[in-house]
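For reference, each letter of the sequence shown is one residue, going 73 to 388 in the working numbering.
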Amino acid sequence: MKKKRLATVAFLLMLLFSGLAGTILIQNGAGAVAPEVLQRAVANAIAFFMGSREPFALLWLDVMHRRFNITAFADALKRYDDVLAEEQRLELRVFRRIADHDNPLQVEELQALWFPVDRVTAPALYCDRLELPANYPARFEHAVNSGKQLLTHALLAWIWIQDNGCELPLSEGFIEDMYRANAALIDDDSEMDELELEAAAFLYLAGQGALVDDAFVELVIAFQNYDGGWLYSSDDPGVSDWHATILGLLLLLHVQYPADSYPSVLAPGSPEPPFPTTWIVFVIIVAGIIAGAGLAIYFVKFQKGKSRLLREQHRQ
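See the structure below:
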């Protein structure tokens, strides 16, 4: 009898806890993450980058500042420039344009990049200033068909091509296939690695977050480390990796702040300064003075000519 009562109590407790779990998950719909859980995960990830001097992380922190108004990252570009002044690496000079539309660049610097991923993304980053190479469409298609990091970075390059208002001739349906191929990189198992994080984050960045299952977002939060970061792979021991953490934070910020549209990933160009109103007034006044002076001179000459004519007629 006692065992029966214990079994009943255990069953009721199981129902209670399953009900609480269900309540947490359905607050924002089936499979969604509770707002307070998401908020805490984002705050911890933001804290992970306080004082960071990892240059490429700083470029993405600048994106997050502009896209989500994360004030903690307002000085990201300044911190990046501090590092750049010390290191002066080629790739740092080239990719600085993510945060500064007017970033100076020598064509030779772009051509000097040799890493396969950079040869896909860098031309897209400057396509509004430097025409895409003639073989770029083939290079882009090869990256997509190669899978893994080349596939995810082809998606990133496509985002930049759109941000810059450039055109890329591709076969019909190719971009949709690229979206689906990135989504296919995200397994439905209980492990998580950087490639899956990258595919998910870039899909959200491209406005294709619907292709990322809510269960993966829950998995990302579950694997967050005590320091707010993420490992390169959840099944490998070690310390949090800055790149995986940037991707995890970028993903969660899109989940936390859903919107129909966001500011572009690339920093916008400086607006053309308006022609000062005072100069317009000054030009009008000067033009009036010149016109008035011209008329006065004409009138004086006309009067003198008329007087001379009258005198000559009088003599006759």
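Glycine included, each C-beta is placed from N, C-alpha and C at the ideal position.
Notebook entry, point to check: Over what stretch of residues does the alpha helix (DSSP H) that includes Asn254 continue unbroken?
Noted result: If you number the sequence shown from 1, residue 254 lands on position 182. Where Asn254 is concerned, the enclosing alpha helix (DSSP H) stretches over Phe246 to Ala256.
Notebook entry, point to check: Under 8 Å between the Cβ atoms of Gly320 and Ala117?
Noted result: Translated into positions along the sequence shown, residue 320 becomes position 248. Translated into positions along the sequence shown, residue 117 becomes position 45. It is a contact, given that the beta carbons lie within the stated cut-off.
Next item on the list: With a floor of 4 residues, list each alpha helix (DSSP H) that falls wholly inside the region 107–188, ordered by position along the chain.
Entry: Counting only runs of 4+ residues, the alpha helix (DSSP H) found wholly inside the region 107–188 occupies 107–120, 127–140, 148–159, 162–167 and 179–184, in chain order.
Notebook entry, point to check: Apart from the five residues just before and just after Ala253, which ones in its own chain have a Cβ nearer than 8 Å to its Cβ?
Noted result: Within the sequence shown, the letter at position 181 stands for residue 253. So the qualifying residues of the chain are Val216, Gly219 and Leu223.
Note to self: Suppose contacts are defined by Cβ-Cβ distances below 8 Å. Is Leu156 in contact with Arg169 by that definition?
What the structure shows: In the sequence shown, the residue the question calls residue 156 occupies position 84. In the sequence shown, the residue the question calls residue 169 occupies position 97. Not in contact: Leu156 and Arg169 (Cβ atoms no closer than 8 Å).
Note to self: Measuring CB atoms only, is the region 242–249 touching the region 264–275, in the sense that at least three cross pairs come out at less than 8 Å?
What the structure shows: In short, these stretches do not touch, since the Cβ pair count stays below three.
Item checked: Reduced DSSP secondary structure (H/G/I, E/B, other) of Ser218 -> Position 146 of the sequence shown, counted from the start, is the residue given in the question as residue 218. In the structure shown, Ser218 falls within a helical segment according to DSSP collapsed to helix, strand and coil.
Check: Once you ignore the five residues that flank Ala184 on each side, which residues in its own chain have a CB closer than 7 Å to its CB?
Finding: Mapped onto the sequence shown, residue 184 falls at position 112. Close CB contacts of Ala184 within its chain, under the 7 Å cut and outside five residues either way in sequence, are with Leu162 (chain order).
Next item on the list: Would you mind stating whether Asp265 and Tyr304 have Cβ atoms separated by less than 8 Å?
Entry: Taking the first residue of the sequence shown as 1, we reach residue 265 at position 193. Taking the first residue of the sequence shown as 1, we reach residue 304 at position 232. The Cβ atoms of Asp265 and Tyr304 lie closer than 8 Å to each other.
Note to self: Considering Cα atoms alone, identify which of Tyr298, Ala255, Asp200 and Val289 is closest to Trp232.
What the structure shows: Sequence index remark: in the sequence shown, residue 232 carries index 160 (1-based). Looking at the Cα atoms, Asp200 is the closest of the given residues.
Next item on the list: Return the first residue and the last residue of the alpha helix (DSSP H) that Leu325 is part of.
Entry: By one-based count along the sequence shown, residue 325 stands at place 253. Secondary structure note for Leu325: its alpha helix (DSSP H) is the uninterrupted segment Trp314 to Gln328.
Margin query: Are there any heavy atoms of the ligand GTP lying less than 7 Å away from the beta-carbon of Arg252, as far as the coordinates show?
Written below: As far as ligands go, the structure on display features none, and thus does not contain the ligand GTP.
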